[in-house]
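Undergrad: Protein chains in written order, with this note's numbering: chain A, 114 to 301; chain B, 506 to 710. In this text, a Cβ means the ideal position worked out from N, Cα and C, and glycines have one as well. Bear in mind that the values here come from a model prediction, so they are computed numbers and not experimental data.
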């Protein structure tokens with residue numbers, strides 16, 4: 114399943130899907146290092162209850178897990194999220210490799226759209242990578258924490274215009290607390 | 506109008522410490538270690554998760570319900586080894602590492618240990634001296650990009666520590682709650698019906 118694309122210091126960079134317990138721990142540890150360790154996210158927000166309904170892709174340099182992304186599946190799109198690359202391995206397009214793996218995975222499942230939620234400061238970067246805002250800049254108002262963006266799974270088949278409300282999938286899935294908050298945060 | 510906390514209680518964090526006894530709690534310990542050692546100290550995954558996690562006890566510390574710190578304990582014949590102690594960055598400066606250390610010392614005492622031992626990053630020596638740790642010898646060694654001392658601390662023997670003559674059903678209790686009835690003591694009420702045996706040999710209570 115591994116696809117060798119390039120290498121760092123003679124060690125091959127490979128990606129694979131998490132299939133065993135230990136693989137999942139690789140993915141989770143990379144996210145903990147980046148989101149909890151570097152960005153001070155609370156544990157309960159990082160591990161939000163969606164990890165066991167999702168597909169995890171992991172990038173390795175040799176045997177070392179260095180990057181990960183999680184894909185959640187919906188009928189009308191696939192949603193890559195929690196993209197993380199360990200700090201000292203950044204600058205080698207590992208994030209791009211992970212997203213390409215997500216795209217292929219979505220293609221294999223017959224999905225035709227990828228959906229992400231980007232930080233406003235990153236929108237320009239994603240636009241250069243071929244993503245576009247789901248809601249046009251003019252239509253969106255106020256200060257927003259995230260920007261919904263979409264991209265066609267098959268670049269040769271551009272997406273039809275999607276008329277979707279901004280609130281798409283922002284609600285939480287029912288396994289969470291009745292308050293809508295990730296489990297464990299409601300009591301704080 | 507919002508209810509005001511009592512004077513002196515404002516912003517007082519509630520710290521809870523327990524033995525990691527479920528897969529979720531163990532996962533919390535691992536993720537805190539990944540955050541601190543892999544995220545902040547650039548430790549490779551294979552060194553952080555070194556093969557000893559499934560022969561150790563993990564302790565998890567919460568601040569207001571949020572996972573904030575963790576410790577791994579390994580058990581040798583003559584001492585308990587404290588390892589992989591972390592407090593997440595947003596929770597530092599509250600002095601809560603003293604609380605997890607104290608909890609682990611007490612836990613080791615209840616298991617009958619009279620020595621705690623650990624490998625201490627050199628820079629943390631002043632902090633741990635305050636906790637009664639001193640160097641085993643003059644050796645300085647390094648692994649995972651840090652310099653370490655071997656340090657230890659005597660633990661006062663405690664009455665009620667587990668010994669050969671401890672009540673067997675007390676020994677079976679969850680190790681961090683040895684003063685309370687355990688699940689197996691409740692099961693004793695069912696009697697010994699020997700469900701493994703062929704039907705005619707089973708006992709009816």
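Hey, how far is the Cα of residue 701 of chain B from the Cα of residue 674 of chain B?
TA: Approximately 21 angstroms between the Cα atoms of the pair.
Undergrad: Out of B:656, B:544 and B:688, state which residue places its alpha-carbon closest to the alpha-carbon of residue 631 of chain B.
TA: Of the listed residues, the one whose Cα sits closest to residue 631 of chain B is B:656.
Undergrad: If you draw a straight line from the C-alpha of residue 334 of chain A to the C-alpha of residue 212 of chain A, how long is it?
TA: Outside the modelled stretch of chain A, which goes from 114 to 301, sits residue 334 of chain A, for which no answer is possible.
Undergrad: Could you tell me whether the Cβ atoms of residue 217 of chain A and residue 244 of chain A are closer together than 8 angstroms?
TA: No; because the gap between Cβ atoms is not below 8 angstroms, this pair is not in contact.
Undergrad: Give the range of the alpha helix (DSSP H) segment to which residue 688 of chain B is assigned.
TA: 688–692
Undergrad: To which residues of the same chain is residue 539 of chain B closer than 7 angstroms at the C-beta, ignoring the five residues directly before and after it?
TA: 553
Undergrad: Should residue 582 of chain B be labelled buried (16 or more other beta-carbon atoms within 10 Å of its own) or exposed?
TA: exposed
Undergrad: Check the C-beta distance from residue 204 of chain A over to residue 196 of chain A and give it rounded, since I have them as a contact under 8 angstroms.
TA: That belief does not hold up - the Cβ atoms of residue 204 of chain A and residue 196 of chain A are roughly 15 angstroms apart, past 8 angstroms.
Undergrad: For residue 595 of chain B, which of helix, strand or coil comes out of DSSP?
TA: helix
Undergrad: Any C-beta of chain B within less than 9 angstroms: which residues of the region 137–149 of chain A qualify?
TA: Listed in sequence order: 138, 139, 141, 142, 143, 144, 145, 146, 147, 148 and 149.
Undergrad: So the alpha helix (DSSP H) residue 618 of chain B belongs to, where does it begin and stop?
TA: It is not in any alpha helix (DSSP H) - residue 618 of chain B carries neither H nor E in the DSSP assignment.
Undergrad: Checking the sheet assignment: what are the DSSP bridge partners for residue 195 of chain A?
TA: In the DSSP output, where bridge partners are listed per residue, residue 195 of chain A has none listed.
Undergrad: What in chain A is Cβ-close to residue 632 of chain B, meaning under 9 angstroms?
TA: By Cβ distance, chain A contributes nothing, its closest Cβ being about 21 angstroms from residue 632 of chain B, past 9 angstroms.
Undergrad: So with CB distances below 7 angstroms, who are the chain B contacts of residue 155 of chain A?
TA: 571
Undergrad: Grab me the residues of residue 140 of chain A's own chain with a C-beta within less than 6 angstroms of its C-beta, minus the 5 sequence neighbours each way, in chain order.
TA: 131, 169, 171 and 181
Undergrad: Could you give the C-beta distance for residue 660 of chain B and residue 620 of chain B, rounded to a whole number, given that I count them as a contact under 8 angstroms?
TA: 6 angstroms
Undergrad: According to the neighbour-count rule (16 or more other Cβ atoms, all chains shown, within 10 Å of its Cβ), is residue 610 of chain B buried or exposed?
TA: Residue 610 of chain B is buried by the Cβ-count criterion.
Undergrad: Determine the chain B residues that contact residue 176 of chain A at a beta-carbon separation under 7 angstroms, and present them in chain order.
TA: Listed along chain B, the residues sitting closer than 7 angstroms to residue 176 of chain A by beta-carbon distance are 551.
Undergrad: Is the shortest distance between the beta-carbon of residue 524 of chain B and the beta-carbons of chain A less than 8 angstroms?
TA: no
Undergrad: Along the region 182–207 of chain A, what residues have a CB closer than 8 angstroms to any CB found in chain B?
TA: Within the region 182–207 of chain A, the qualifying residues are 199, 200 and 201.
Undergrad: Quick one: is residue 647 of chain B buried, meaning 16 or more other Cβ sit within 10 Å of its Cβ, or exposed?
TA: exposed
Undergrad: In chain order, which alpha helix (DSSP H) runs of at least 4 residues are fully inside the region 150–211 of chain A?
TA: Correct list: 156–159.
Undergrad: Less than 8 angstroms between CB atoms is the rule here; does residue 536 of chain B satisfy it with respect to chain A?
TA: yes
Undergrad: Identify the contact partners of residue 594 of chain B in chain A, using a Cβ-Cβ distance below 7 angstroms as the criterion.
TA: Chain A residues near residue 594 of chain B: 153.
Undergrad: Nearest to residue 223 of chain A by alpha carbon, out of A:191, A:122, A:238 and A:137?
TA: A:191
Undergrad: Listing by chain order, which chain A residues have their CB less than 7 angstroms from the CB of residue 533 of chain B?
TA: 156
Undergrad: May I ask which residues mark the beginning and end of the alpha helix (DSSP H) holding residue 631 of chain B?
TA: 630–634
Undergrad: Note down the Cα distance separating residue 179 of chain A from residue 173 of chain A, rounded to an integer number of angstroms.
TA: 5 angstroms
Undergrad: For residue 533 of chain B, count the other beta carbons within 10 Å of its own beta carbon; 16 or more makes it buried, fewer makes it exposed. Which is it?
TA: buried
Undergrad: Going by DSSP, what residue range makes up the beta strand (DSSP E) through residue 129 of chain A?
TA: 124–130
Undergrad: Decide yes or no for the touch test of the region 599–613 of chain B against the region 559–577 of chain B: beta carbon pairs closer than 8 angstroms, at least 3 of them.
TA: yes
Undergrad: 8 angstroms is my cut-off, CB to CB: does residue 278 of chain A come that close to chain B?
TA: Note that residue 278 of chain A scores a pLDDT of 48, beneath 50, so its modelled location is shaky; the value from the coordinates is reported in the next line. No, residue 278 of chain A lies away from the interface with chain B (no Cβ there is under 8 angstroms from its Cβ).
Undergrad: Tell me which same chain residues have a C-beta within less than 7 angstroms of the C-beta of residue 278 of chain A, skipping the five on either side of it?
TA: Note that residue 278 of chain A scores a pLDDT of 48, beneath 50, so its modelled location is shaky; the value from the coordinates is reported in the next line. None.
Undergrad: How big is the Cα-Cα spacing for residue 160 of chain A and residue 669 of chain B?
TA: 42 angstroms
Undergrad: When DSSP labels each residue in this structure, what does residue 575 of chain B get in the three-state scheme?
TA: strand
Undergrad: Quick one: using the 10 Å Cβ neighbour count with 16 as the cut-off for buried, is residue 234 of chain A buried or exposed?
TA: Burial call: exposed.
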